[in-house]
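Protein chains in written order, with my numbering: chain A, 1 to 104; chain B, 105 to 455.
First comes the structure, then the notes that go with it.
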Ligand code: FES
């Protein structure tokens, strides 16, 4: 069953950037790609639970601020050491200027 | 006088660090506005390509001159310069390319990383993982495998590091052990098993290369091949030790604030080229995503919240050498840098 949750204003995220949102004590990361598509993943790196929203977005890659581990945020796939576990992704869409994420 | 500590990765101090919450802990960070931080984190290929062309180009030039002048004494200054580029600049290239921040283009980082690892005789896989741990648990005893200034310090051994006396033989011994398919308990504590195959593969390739160098020396009845590949890790090591010791020596252990265990030292441009700006070491630890060519700007951005930078390499040695001498009899002695008063949100100083 989908549960679309309002994660904030779409305009608050710059292109090729990420913001962190906390819902019910759980961290999420919301991304806006260069071509204006929005994506959502878990907010903590699978390596050592560091907040990905402080990392660097390059194309479809989010690089973790702690050990430079990389994920493709569109699929959650880890891209090389020290990442050994993929990142969970969530469907995201923009409705009336708000980013909605299906937290399932 | 305090008990000597166990710096191994499998000992009591490591277990105590985990129990005390010092492993994978939350570290202090000086706040930087996201917009500015994004600017500072931006990658570009230009500065690293320029420096790499210069680095490798100078090595070729110095090596050509040294070979041409061999075996006269006139070759010595050229070998000396070549050696520093081989045995010292490879340390910072290993470091920066290992973080993946030196170049924007991924394969360039990988290529320079592999070349630098070979020169500095550090297995590309185990050292990547050891450095990951160094960033998680910087100078946490029993967790950080890259602590140089262990207390009480063995000053004689540290002095010999300047000539690679231990590092090259140790690197070669480790290479042979890896080539035989063996990994130490310390290495296994931070290198996942799935990576071991890569460790052994690279070690075997390197072993063949080093055997080829020795064979070339024997066949030609000359030290020249080894002076070009391998031995520069000894006779050119002094600069990376000179700069590397300034990073953490004499500062505190088991603290989760890089301002208390890392040091920023202003250096001359030649040393900064060889060291690829790692003199901004505190800044690098606080924000490892910032590439070497933006560290000076990061320093300007956050220096209000850091202990004053040390004005020169000599000043850094004047600060930590006496402390290390004192640590020989009392290992609890260390430097406690003066932290600036915290600023309030409106920019004024807090109480
Ligand atoms: S915490 Fe993200 S790469 Fe280590």
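All C-beta atoms, glycine included, are put in the ideal place defined by N, C-alpha and C.
| request: Indicate, with yes or no, if ligand 2 has a heavy atom lying under 7 angstroms from the CB of residue 83 of chain A. | output: Among the ligands present in this structure, namely ligand 1, ligand 2 is not found.
| said: Is residue 53 of chain A close to ligand 1? I mean its beta-carbon at under 7 angstroms from any heavy atom of the ligand. | reply: As a position in the first chain, residue 53 of chain A is number 53, starting the count at 1. Residue 53 of chain A Cβ: outside cutoff for every heavy atom of ligand 1.
| Sequence-distant residues of its chain with Cβ nearer than 8 angstroms to residue 173 of chain B (five each side left out) | Your numbering for residue 173 of chain B matches position 69 in the second chain. Here the set comprises 179 and 182.
| said: I'd like the list of long-range same chain contacts for residue 353 of chain B, defined as Cβ closer than 6 angstroms, with 5 residues on each side in sequence excluded. | reply: Start at 1 with the first residue of the second chain, and residue 353 of chain B comes out as number 249. Closer than 6 angstroms at the Cβ level, and outside the excluded window around residue 353 of chain B, lie 253 and 424.
| field | C-beta neighbour in chain B for residue 78 of chain A, strict 8 angstroms | value | On the first chain, residue 78 of chain A is found 78 positions in, with the first residue counted as 1. For residue 78 of chain A, the answer is no, since every Cβ of chain B falls outside 8 angstroms of its Cβ.
| query | Whose CA, out of B/371, B/303, B/261 and B/284, lies closest to the CA of residue 415 of chain B? | reply | Here residue 415 of chain B corresponds to residue number 311 of the second chain, with the count starting at 1. Of the candidates B/371, B/303, B/261 and B/284, the one whose C-alpha sits nearest the C-alpha of residue 415 of chain B is B/371.
| request: Report yes or no: is there a C-beta of chain B within less than 8 angstroms of the C-beta of residue 8 of chain A? | output: Position 8 of the first chain holds residue 8 of chain A. It does not; no Cβ of chain B falls within 8 angstroms.
| said: Taking 7 angstroms as the cut-off, is the C-beta of residue 50 of chain A nearer than that to any heavy atom in ligand 1? | reply: Here the question's residue 50 of chain A lines up with position 50 in the first chain. For ligand 1, at least one heavy atom lies less than 7 angstroms from the Cβ of residue 50 of chain A.
| request: Can you grab the Cα-Cα spacing for the pair residue 316 of chain B / residue 326 of chain B, in whole Å? | output: For the purposes of this step, residue 316 of chain B is taken as residue 212 along the second chain, with counting starting at 1. For the purposes of this step, residue 326 of chain B is taken as residue 222 along the second chain, with counting starting at 1. C-alpha of residue 316 of chain B to C-alpha of residue 326 of chain B: approximately 13 angstroms in a straight line.
| Within 7 angstroms of chain B by C-beta, residues of the segment 63–94 of chain A in sequence order | Within the segment 63–94 of chain A, those residues whose Cβ lies closer than 7 angstroms to any Cβ of chain B are, in chain order, 63, 65, 66, 67, 68, 81, 82 and 84.
| said: At a CB distance below 8 angstroms, what residues from the segment 231–248 of chain B approach chain A? Give them in sequence order. | reply: So the list reads 232, 233, 236, 239 and 240, given in the order they occur along the chain.
| Could one say the Cβ of residue 56 of chain A lies closer than 8 angstroms to chain B's Cβ atoms, at least one of them? | Taking the first chain and counting its residues from 1, one reaches residue 56 of chain A at position 56. Residue 56 of chain A belongs to the set of residues whose beta carbon lies under 8 angstroms from a beta carbon in chain B.
| message | If we define contact as Cβ-Cβ less than 8 angstroms, is residue 12 of chain A a contact residue for chain B? | response | In the first chain, counting from the first residue as 1, residue 12 of chain A sits at position 12. Judged by the 8 angstroms Cβ criterion, residue 12 of chain A is not in contact with chain B.
| residue 67 of chain A CB to nearest heavy atom of ligand 1 below 7 angstroms | By 1-based counting over the first chain, the position of residue 67 of chain A is 67. At least one heavy atom of ligand 1 is nearer than 7 angstroms to the Cβ of residue 67 of chain A, so yes.
| task | Go ahead and pull the three-state DSSP assignment for residue 123 of chain B. | result | Along the second chain, read from residue 1 onward, the residue named residue 123 of chain B stands at position 19. Note: residue 123 of chain B maps to helix in three-state DSSP.
| message | Taking the alpha carbon of residue 36 of chain A as the reference point, which residue from A/69, A/17, A/52 and A/51 has its own alpha carbon closest? | response | Indexing the first chain from 1 puts residue 36 of chain A at position 36. Checking every option, the nearest Cα to that of residue 36 of chain A belongs to A/17.
| Counterpart residues of residue 71 of chain A in DSSP-defined beta bridges | Position 71 of the first chain, counted from the first residue, corresponds to residue 71 of chain A. Secondary-structure assignment with DSSP links residue 71 of chain A through a beta bridge to A/62 and A/78.
| request: Counting only the same chain and skipping the five closest in sequence on each side, list residues whose C-beta sits under 7 angstroms from that of residue 293 of chain B. | output: Counting from one through the second chain, the residue named residue 293 of chain B turns up at place 189. Here residue 293 of chain B has 113 and 114 as same chain residues with Cβ atoms under 7 angstroms from its own Cβ, once five neighbours each way along the sequence are excluded.
| query | What first and last residue would you give for the beta strand (DSSP E) that runs through residue 187 of chain B? | reply | The residue given as residue 187 of chain B occupies position 83 in the second chain. Counted as a single uninterrupted DSSP element, the stretch harbouring residue 187 of chain B is not any beta strand (DSSP E) but the alpha helix (DSSP H) occupying residues 180–191.
| Cross-chain neighbours of residue 17 of chain A in chain B, by beta carbon under 9 angstroms | Taking the first chain and counting its residues from 1, one reaches residue 17 of chain A at position 17. Within chain B, the residues near residue 17 of chain A are 138 and 142.
| message | In this structure, how does DSSP classify residue 7 of chain A when only helix, strand and coil are distinguished? | response | Counting from 1 along the first chain, the entry for residue 7 of chain A is found at position 7. The answer is strand: DSSP assigns residue 7 of chain A an E or B state.
| said: Quick test of your reading: residue 227 of chain B and residue 306 of chain B, contact by CB under 8 angstroms. State the CB separation rounded to the nearest angstrom. | reply: Residue numbering aside, residue 227 of chain B sits at position 123 when the second chain is read from its first letter. Residue numbering aside, residue 306 of chain B sits at position 202 when the second chain is read from its first letter. Between residue 306 of chain B and residue 227 of chain B the Cβ distance is about 6 angstroms, and since that is below 8 angstroms, they are a contact.
| task | Name the two residues that bound the continuous beta strand (DSSP E) containing residue 20 of chain A. | result | Taking the first chain and counting its residues from 1, one reaches residue 20 of chain A at position 20. Taken as a continuous stretch (DSSP letters only), the beta strand (DSSP E) holding residue 20 of chain A covers 17–23.
| said: For chain A, check one thing: does any of its Cβ atoms lie closer than 8 angstroms to the Cβ of residue 86 of chain B? | reply: Only positions 105 to 455 of chain B appear in the structure, and residue 86 of chain B is not among them; the question remains open.
| Three-way DSSP call (helix, strand, coil) for residue 31 of chain A in this model | Against the first chain, residue 31 of chain A aligns to sequence position 31. Strand.
| Are any of the Cβ atoms in chain A nearer than 8 angstroms to that of residue 363 of chain B? | Counted from its first residue, the second chain places residue 363 of chain B at position 259. Answer no: the Cβ-Cβ gap between residue 363 of chain B and chain A never drops below 8 angstroms.
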